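*Asks:* Chains as they are written, first to last, in my numbering: chain A, 1 to 240; chain B, 1001 to 1591; chain C, 2001 to 2280; chain D, 3001 to 3124. Idealized CB from N, CA, C, for every residue including glycine. Model, not experiment: these values are computed from the prediction.
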Ligand code: HEA
Ligand code: HEA
Ligand code: CUA
Ligand SMILES: [Cu+2]
């Protein structure tokens, strides 16, 4: 009976799919998520945790809105824009939504080209994504200034429940922060891609780990998550 | 799939990921201070936690002095008293227990026990510690800030927490407290992701989840819970911070404070309580599950017997972890929440008693027909079972909604959670330190000092908190700076209070013996050798002791579960996990 | 060996302490002896379990402690035994929970006849309000609180005008009559707690909470605040007096109603105005 | 679709850690379709408000569109559809706890509101 030494790396055993695979994976050694790298697993679990953060924010918002005896300002009027002599409800928010979705599309493609090791396209698409993200944040800033000039404050507003302002600034602010961080990361990674770090497997400055194109997909996961959160904010905050 | 209890190399797949290249420190700073080695980070975490824990311990003496001899120690006025209990509670739960179990033991044991070289993301792991340290420092500064630390109680219930009737409410205290917590959560998340991913993705060949030592199971489950529970705390802190500094009204209804109308309106204090306990209850199990896991290994190792009902133990841990997210409102039975919640939460709460009970049974059944060595770790393990069962059972009083009505917010609650959290897991920590100190330093802790420490701490702590239940039964409320003259409190109760205080001081003194032992033994302790307890788990099979950066020369391969003690037919009474061959595999029972 | 002795001592000692120590709850003065009974049941079940577990441990340590040449048995698991233990525990838990839930149902369902009494908490004193002739409590509003209207009653609410207001004084209850305690706070959390009544409930600013009870014996009882409400928390005491029917009526007749209080305030103001006029 | 994950060039050639993974590589066309769908769905949910639907219809529509969008993003853009069940369940089950929280807090909020409307005069 030969105990094989560590260095030999055989072709991994074929793994069943479906529920059988589920059981097999959890019962297996080394890795529970087969074919999932450390970085990707980390990002997924982080996103799970972040889901709870936004979940709690939304729960708090729901409770505040459902338990206040004061009328809640009607978002579709508050967020209306005066265009061509008529108020178009929620239009800005709609546009923001589209911008963010678009950025998700470009991000998805960036990942794709990344794995094809097509440096230029990947970097360009990521920069494009970052630009859309920045646009989103910009429009958010516009939205904030608009509301503030109309007299909305964290502690009150002209139309009704004070919690309207507080929850609005808190939730969109927190989401905006996520987007901003995403933009920064996108730009950093884009630069690395452009420089070809991932072809030469250049080591990270802090972590001194070899760079992989997979980082593009991981950044993508984060970015799509930000978009995902917006889907819920859009439904619960603006459409309710 | 590999059999839980044993396997031959044929059944073990090839390495799926290539061996990581370690980060090589270039300077003394990157080696010992800004180290990315989980073992060093663990020691940093542990020392910081113990240091701040000592502060909390001293605070507990001051509190006891006030409760035992009201009016004697005039420098403890009401304000200070409330600041003391708040800091005492918060430090003990978050900055001592959580940090020590997950950051300390987690960092040290997970990679070693799983046969990994290090955590999967050493850099984030390092950041985690430094953020934790920052959080601690922010907390400490609040002691020196104008107005002092917050005195809102560790539950920080608004509106009181941010009003002038409470110490630190309108000063810096509460702001620093909340900021510190936010930092802690962020820092912990970095570490937590590390622990979870290392357990899920960083195990060595042959190490299946069902072969992990229960220690890892406990810490792993607790970390997952923390990653899902801390967000609620984070959100609650952010919102209260806004209420305090921006004047929002998340938790603030219309309020007349000392005859003056405040600007707030429409908020709901109950909302904070729900957010807090949605975090808070999982939190108490976060500090309990690692203790469960560790104590299982201590008992098994020192009784030279496999842990009884391993699978049951694992499932119990997982089920407790899951259930603990739907019992939070048992802290709010008398909070004025929707009274019909009582039915739901009382039921879920008492259900948790069943898996917990099974763990207790399996611990004692592991002793049955064992070969019990009464070493220090074993003694502490036994003490843990006694105190935990006692505290857990009083939990059933409080969980049973009607019974909680008279007992809630009395000293009975204080006695309950000290017995179950302030004593039981702490005893496990001590046992664990006596158990793993040889691996960390290469030397044993002094036995005599250890015995003194054990007896005083165990008996003393029991004498502190067992009688305390009856103070609560009389009706003595908690968080009372002084009972004063109260008709229904007999004079004898005050005598009991004095007794408790004296015991607390005695037990406290014993901790100083322990600390001295910790430092003294680094130099003068008996040489331990690689595997002094003749244990099976991987951390005892490292080539060097203390293990070097990277832990192994060549990664170990695991052929059996962690509990092959006293296997029939085996030469030794233990078989290390990385020992191949089918000696006494107990294959019969396996199926 | 010492361990065995200590473990046995702990188990036995705890039981003896429970039986013979002078520290026990105060004599009950309300209908909630159901709660006491549930508590007793819980004490017995958990007590048995505690003693059993600890003594079993002590026995194991005594019987299976290490002696040269000993070797532990190899016994990974025993499904049957674990099943039985799980079942037994479930029974024990059920035995405690079931009566508990029944009593809780009583606790949350207020009997129809119950008279309403409002308790108002503020840092750090208690005030009370009883319905006037109309038997109804009027609405209130924290925003309306002024020095004259310290409980913030709603002047425009007819039901409020005849309400009896007791500021910082004693609360009197009629023995044998179920009362629904409506709890309100104007600043922070408090908790209306009378140990002899067993029942307690937080008072939450921004909403009104409640519990009900029937006083079963006359006497004077101390009200404590059982929710941390700032530095004055332990000083926040009050008094509840449970009266016979006639004593209660006698007390009630001496109380002032909201409208009377308002009137007093008015006259004061006009008086001041009068003095003020010639001044210029 | 799981077989897409199985073809892995882990193999002896496995170099640095990341290489043992499958690459989530899928036809661009698919992305474009999803992209389009997301646009359409967003437009729909916007129209729900624009047209001014109310009551249950509004809510069911909003929630349906929301879930569809979320589903598409997670399944396709985040490649969840191609991951193995082990990961899918690990990530998608825990959020159920949040749902429990939401449900209970909804009921709690109703209770608080009821209390306020019953006992308080003018709006706070
Ligand atoms: C390590 C921490 C820890 C642990 C493990 C527990 C465990 C439990 N706790 Fe405790 N609890 C706290 C820490 C902890 N608690 C803290 C810190 C507080 C106060 C917070 C504050 O307000 O400041 C608190 C408060 C608290 C309350 C709120 C009291 C109040 O404020 O009014 C309640 C109510 O339900 C409760 C219940 C329980 C229950 C049912 C368990 C169960 O999990 C116990 C299960 C264990 C057993 C039951 C023992 C083993 C079982 C057997 C040996 C067999 C039993 C057999 C039968 C039942 C037949 N706890
Ligand atoms: C792990 C948690 C923990 C621990 C260990 C302790 C330890 C102690 N606690 Fe405390 N306590 C709390 C958590 C804890 N407490 C909490 C959460 C509250 C609620 C606060 C609030 O109401 O807001 C509280 C409140 C509280 C009160 C109630 C105050 C009041 O309501 O008025 C009292 C009163 O006696 C008290 C006393 C003590 C005493 C005498 C000790 C100890 O002295 C017991 C004896 C000592 C030991 C068992 C050893 C412990 C050793 C260390 C901690 C050293 C560090 C660790 C190492 C060296 C490894 N504590
Ligand atoms: Cu009022 Cu405590
Ligand atoms: Cu709890």
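Once you ignore the five residues that flank residue 2133 of chain C on each side, which residues in its own chain have a CB closer than 8 Å to its CB?
*Replies:* Answer for residue 2133 of chain C: 2162, listed in chain order.
*Asks:* Is the beta carbon of residue 2051 of chain C sitting closer than 9 Å to the one on residue 2103 of chain C?
*Replies:* Going by C-beta atoms, residue 2051 of chain C is not nearer than 9 Å to residue 2103 of chain C.
*Asks:* Could you name the residues whose beta carbon sits closer than 6 Å to any heavy atom belonging to ligand 4, keeping them in chain order?
*Replies:* In chain order, the hits are B/1281, B/1284, B/1330, B/1331.
*Asks:* In three-state terms, what does DSSP make of residue 2012 of chain C?
*Replies:* Helix.
*Asks:* Considering only DSSP beta bridges, list what residue 2174 of chain C is partnered with.
*Replies:* Answer is C/2243.
*Asks:* Report yes or no: is there a C-beta of chain A within less than 9 Å of the C-beta of residue 3057 of chain D?
*Replies:* No, because no Cβ of chain A sits closer than 9 Å to the Cβ of residue 3057 of chain D.
*Asks:* Could you pull out every unbroken beta strand (DSSP E) segment of at least 3 residues lying fully inside the segment 2133-2215 of chain C, listed in chain order?
*Replies:* Listed in chain order, they are 2164-2167, 2171-2174, 2179-2185, 2190-2193, 2200-2203, 2209-2213.
*Asks:* Could you say if the segment 1269-1285 of chain B and the segment 2220-2233 of chain C meet the contact criterion of at least three C-beta pairs nearer than 8 Å?
*Replies:* Short answer: they don't touch.
*Asks:* Assuming residue 1613 of chain B contacts residue 1561 of chain B (C-beta within less than 8 Å), just tell me the rounded distance between them.
*Replies:* Residue 1613 of chain B cannot be examined here, being either before or after the span of chain B that is shown, 1001 to 1591.
*Asks:* If you follow the beta strand (DSSP E) that residue 1552 of chain B is in, where does it begin and where does it stop?
*Replies:* No beta strand (DSSP E) holds residue 1552 of chain B; DSSP gives it neither H nor E.
*Asks:* Of the residues that make up the segment 82-101 of chain A, which ones have a beta carbon closer than 7 Å to any beta carbon in chain D?
*Replies:* Residues 89, 90, 94, 97, 98, 101.
*Asks:* Return yes when at least one heavy atom of ligand 3 lies under 8 Å from the C-beta of residue 2191 of chain C, else no.
*Replies:* Yes, the Cβ of residue 2191 of chain C comes within 8 Å of a heavy atom of ligand 3.
*Asks:* Where does residue 2060 of chain C sit, in a helix, a strand or coil, going by DSSP?
*Replies:* If DSSP states are grouped into helix, strand and coil, residue 2060 of chain C belongs with the helices.
*Asks:* Considering just the uninterrupted stretch of the beta strand (DSSP E) at residue 2221 of chain C, what are its terminal residues?
*Replies:* Run containing residue 2221 of chain C: 2219-2225, per the beta strand (DSSP E) assignment.
*Asks:* Expressed to the nearest angstrom, what Euclidean distance is found between the alpha-carbon atoms of residue 129 of chain A and residue 1545 of chain B?
*Replies:* The straight-line gap from Cα to Cα measures roughly 51 Å.
*Asks:* From this set, B/1260, B/1129, B/1226, which residue's C-alpha is nearest residue 1163 of chain B's C-alpha?
*Replies:* Checking every option, the nearest Cα to that of residue 1163 of chain B belongs to B/1260.
*Asks:* Could you compute how far the alpha carbon of residue 1288 of chain B sits from the alpha carbon of residue 1534 of chain B?
*Replies:* Approximately 27 Å between the Cα atoms of the pair.
*Asks:* Whole angstroms is fine: what's the gap from residue 1018 of chain B's alpha carbon to residue 2058 of chain C's?
*Replies:* About 50 Å.
*Asks:* Taking 8 Å as the cut-off, does the segment 148-165 of chain A touch the segment 1242-1258 of chain B (at least 3 CB pairs, one atom from each stretch)?
*Replies:* Flag = yes, the segment 1242-1258 of chain B and the segment 148-165 of chain A touch.
*Asks:* Taking the alpha carbon of residue 1125 of chain B as the point to measure from, which residue in B/1115, B/1078, B/1423, B/1111 has its own alpha carbon closest?
*Replies:* Per the Cα distances, B/1111.
*Asks:* By Cβ distance, which residues of its chain are closer than 6 Å to residue 964 of chain B, with the 5 residues on each side in sequence left out?
*Replies:* Since the first residue shown for chain B is 1001 and the last is 1591, residue 964 of chain B is missing from the structure and cannot be characterised.
*Asks:* For ligand 6, any of its heavy atoms closer than 8 Å to the Cβ of residue 1333 of chain B?
*Replies:* Ligands present in the displayed structure are limited to ligand 1, ligand 2, ligand 3 and ligand 4, and ligand 6 is not among them.
*Asks:* For residue 3110 of chain D, does the count of other Cβ atoms within 10 angstroms reach 16, so buried, or fall short, so exposed?
*Replies:* Label assigned to residue 3110 of chain D: exposed.
*Asks:* Quick check: is the beta carbon of residue 1209 of chain B nearer than 9 Å to any beta carbon in chain C?
*Replies:* No, no contact with chain C.
*Asks:* Taking the DSSP output, what are the residues bridged to residue 1261 of chain B?
*Replies:* Looking at the DSSP assignment, residue 1261 of chain B forms a beta bridge with B/1256.
*Asks:* Could you give the first and the last residue of the continuous beta strand (DSSP E) run that contains residue 2122 of chain C?
*Replies:* Residues 2115-2122.
*Asks:* Rounded to whole angstroms, what is the Cα-Cα separation between residue 1555 of chain B and residue 220 of chain A?
*Replies:* C-alpha separation (whole angstroms): 33 Å.
*Asks:* Does the segment 120-127 of chain A come close enough to the segment 189-201 of chain A to have 3 or more Cβ pairs within less than 8 Å?
*Replies:* The segment 120-127 of chain A, when compared against the segment 189-201 of chain A, does touch it at the 8 Å Cβ threshold.
*Asks:* Going straight from the alpha carbon of residue 2263 of chain C to that of residue 2257 of chain C, what length do you get?
*Replies:* Computed Cα separation, rounded: 10 Å.
*Asks:* Quick one: what does DSSP say residue 3021 of chain D is sitting in, helix, strand or coil?
*Replies:* Residue confidence is low: residue 3021 of chain D scores 48 on pLDDT, short of 50, so the model does not pin down where it sits. Its coordinate-derived value is still stated next. In this structure, residue 3021 of chain D counts as coil in the three-state DSSP scheme.
*Asks:* Going straight from the alpha carbon of residue 103 of chain A to that of residue 3037 of chain D, what length do you get?
*Replies:* Approximately 14 Å, taken between the alpha carbons.
*Asks:* Check whether chain D comes within 9 Å of residue 1344 of chain B, counting only Cβ atoms and requiring the distance to be less than that.
*Replies:* Interface residue, yes.
*Asks:* Roughly how many angstroms lie between the CA atoms of residue 1575 of chain B and residue 1564 of chain B, to the nearest whole one?
*Replies:* Their Cα atoms are separated by approximately 5 Å.
*Asks:* Between the Cα of residue 2234 of chain C and the Cα atoms of B/1484, B/1170, B/1093, which residue gives the shortest distance?
*Replies:* If we check each option's Cα against that of residue 2234 of chain C, B/1484 comes out closest.
*Asks:* Establish whether the CB of residue 1569 of chain B and some CB of chain A are separated by less than 9 Å.
*Replies:* No, no contact with chain A.
*Asks:* Using a C-beta to C-beta distance shorter than 7 Å, which residues of chain B count as neighbours of residue 3027 of chain D?
*Replies:* Chain B residues near residue 3027 of chain D: none, gap ~28 Å exceeds 7 Å.
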